[in-house]
């Protein structure tokens, strides 16, 4: 995240490289950097003749090099952006010869999403020497809340701790998806607003009381009454609360709980680091560990896998998701 900001800041200062190779699992930062280059390196009059977007599935490395070697028309430089370059993975190393001596009047941007570039091979070394190479790594769940808060602060908003965790719990670690939902909030809420669970419920549709975050906590606390209410709400609103999402989150929770039981150091900081979770959740894990010993946790994980298969109609008579949820809760508690 900090490296992406540094790249953009360098461009703002006029420190523009002839080649940017952006790769990795997290598409959000790749898009942000390439979008910034597309919007800001050339002015509007220059873009018509000197900015082009190519798509990896439609072009070859030779096509990219041919366009990159063109001279700009009535401008200091041209911009060539290659999106979906991961479709060129079999031949991407052929870009090495161009990267050794890139056209200085061209800004070539390669968006190589969801894949890694072998650091031992020539292309990585040459681009690092003559341009900018950026690996966009997927953020861990415990890092996403911090990113979310920084993202909002930079745009004039704040968010409560519970609201941030609610968004991450419901939307996962896909920053693009989270960003779109935040855009909805920014359209209806004035700047300087602290976003809270009520705003999220009203404008995004995630219930502040009946969600997987609260279900996980209720199960960890062995609060059967609350867990049953949430399960019943899910059964009545299956489209907003997919069974597969509930199963996945509970499986992740009990897997972390199993790992916790295996730790020799139960200091909160050590637990947060070992499980790669937000420190906010450590107390929740510790409470659940008192309620569910290791042997019980192992059995629950087995039941979750069984229910996942049932939900997919494997080895069982098809059941309604409402019945699967109720059976799942029974097996857990």
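Residue numbers (this note's numbering): 6 to 338.
For each residue, glycine too, the CB sits at the ideal point set by N, CA and C.
Being a predicted model, the structure only gives us computed values, none of them experimental.
- Per DSSP, residue 264 is one residue of the alpha helix (DSSP H) stretching across 248-266.
- By the beta-carbon neighbour count (other beta carbons within 10 angstroms, threshold 16), residue 161 is exposed.
- For residue 57, the uninterrupted beta strand (DSSP E) run begins and ends at 56-60, by DSSP.
- When the beta-carbon positions are compared, residue 118 and residue 35 come within less than 8 Å of each other.
- Distance from the Cα of residue 25 is smallest, within the candidate group 93, 92, 128, for 128.
- The residue from 108, 227, 265 with its alpha-carbon nearest to that of residue 299 is 265.
- Taken through DSSP and simplified to helix, strand or coil, residue 292 comes out as helix.
- In this structure, DSSP gives residue 209 a state outside helix and strand, which the three-state scheme calls coil.
- Counting C-beta atoms within 10 angstroms of its own C-beta, residue 267 has fewer than 16 neighbours from the protein chains shown and is therefore classed as exposed.
- For the 8 Å CB-CB criterion, residue 115 and residue 153 do not form a contact.
- By the criterion of a C-beta distance shorter than 8 Å, residue 216 is surrounded in its chain by 171, 174, 175, 235, 246, once the five residues flanking it on both sides are discounted.
- The beta-carbon separation of residue 305 and residue 259, rounded to 5 Å, stays under the 8 Å limit for a contact.
- When DSSP assignments are scanned along the segment 73-97, the uninterrupted stretches of beta strand (DSSP E) that are 3 or more residues long and fall wholly within it turn out to be 83-88.
- Spanning the alpha carbons of residue 20 and residue 213 requires a straight line of approximately 46 Å.
- Considered as a whole, the segment 102-130 harbours 111-118 as its complete beta strand (DSSP E) runs of no fewer than 3 residues, in chain order.
- Beta-carbon to beta-carbon, residue 85 and residue 59 are separated by about 7 Å, close enough to satisfy the 8 Å threshold.
- In the DSSP assignment, the residues bridged to residue 27 are 116, 139.
- Three or more beta-carbon pairs separated by less than 8 Å are not found between the segment 7-16 and the segment 84-104, which leaves the two stretches without contact.
- Under the DSSP assignment, residue 178 falls outside any alpha helix (DSSP H); it carries neither an H nor an E label.
- Residue 54 counts as exposed, since fewer than 16 other C-beta atoms from the protein chains shown sit within 10 angstroms of its C-beta.
- Looking at 38, 243, 203, 92, the one whose alpha-carbon comes closest to that of residue 63 is 92.
- Three or more beta-carbon pairs separated by less than 8 Å are not found between the segment 41-51 and the segment 127-146, which leaves the two stretches without contact.
- The beta carbon of residue 292 sits closer than 8 Å to those of 225, 226, all from its chain and outside the five residues before and after it, given in chain order.
- Residue 200 carries a strand assignment under DSSP once its states are collapsed to helix, strand and coil.
- Taking the CA atoms as reference points, residue 109 sits about 33 Å from residue 180.
- Sorting 157, 220, 42 by C-alpha distance to the C-alpha of residue 189 places 157 at the top.
- If you ignore the 5 residues before and after residue 73, its C-beta comes within less than 8 Å of the C-beta of 85, 103, 107, 108, 111, 113, all in its own chain and listed in chain order.
- Inclusion of residue 309 and residue 252 in the CB contact set at 8 Å is warranted, their separation being smaller than that value.
- Per the coordinates, the alpha-carbon of residue 138 lies some 6 Å from the alpha-carbon of residue 27.
- A distance below 8 Å separates the beta carbons of residue 329 and residue 316.
- Spatial neighbours of residue 178 in its own chain (CB-CB distance under 7 Å, excluding positions within 5 residues in sequence) are listed in chain order as 143, 144, 146, 149.
- Between residue 141 and residue 30, the C-beta gap is smaller than 8 Å, which places the two residues in contact.
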